[in-house]
Amino acid sequence: MIILSGTTFGGLLDAIFIPTILQEKYQLMPTKEGYRLNLEEPDGSRREEVGMVINPGTPEEELVVMGTYSVYDEKTDTDTVTMYTADKDGYKPRYMLKNRKLSANTLKSMAG
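As structure tokens, then:
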């Protein structure tokens, strides 16, 4: 994913949009067995995923996907990280972890 920012100028021309690339945080890497995906959104949300074809070329062939994603909630200052798998039996979240960040004042008070 390429994230663009733009500037619009008015005047003689009604609008000129000049895009600027702010950041590129997307990687899709095909592998012999499947793929790897890494994605980071501007809000800090992240996703890492591996897809693999199990038993290729057989009647039991299936795609298995394993990964994690994290979502940041500004209101609670909390990151929620979910580990998951998805296969012929569906999507299954395996583990969820919530990380609350410590504020600067909390860190100062812990330092003494």
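Heads up: the sequence shown begins at 1043 in the numbering used here, then just goes up one per residue. Here a beta-carbon is modelled for each residue, glycine too, at the ideal position from N, C-alpha and C.
Nearest residue (CA-CA) to residue i, options the options
i, options, result
"V1107", "Y1133, Q1069, V1113, A1153", "Y1133"
"P1084", "Y1068, T1073, M1125", "Y1068"
"T1127", "E1082, E1091, S1151", "E1091"
"E1103", "T1122, D1129, T1073, A1153", "D1129"
"N1141", "D1131, K1150, T1122, S1151", "T1122"
"F1098", "K1117, D1115, D1131, K1074", "Note that residue 1098 is Pro in the sequence shown here, rather than Phe. With distances taken between Cα atoms, P1098 lies closest to K1074."
Cβ-based neighbour list, residue i, same chain, cut-off 6 Å, excluding 5 preceding and 5 following
i, result
"T1124", "Y1111, P1135, M1138"
"R1088", "E1082, S1112"
"I1096", "E1104, V1106"
Boundaries (first-last residue) of the beta strand (DSSP E) holding residue i
i, result
"P1072", "1068 to 1072"
"S1112", "1104 to 1115"
"G1076", "1076 to 1082"
"D1121", "1120 to 1129"
"G1093", "1088 to 1096"
Other residues of its chain near residue i: CB distance less than 7 Å, five sequence neighbours each side excluded
i, result
"Y1077", "L1070, M1071, G1093"
"Y1114", "D1085, G1086, S1087, D1121"
Proximity test, residue i beta-carbon vs the ligand ATP heavy atom, cut-off 8 Å
i, result
"P1098", "The model depicted lacks the ligand ATP and carries no ligand whatsoever."
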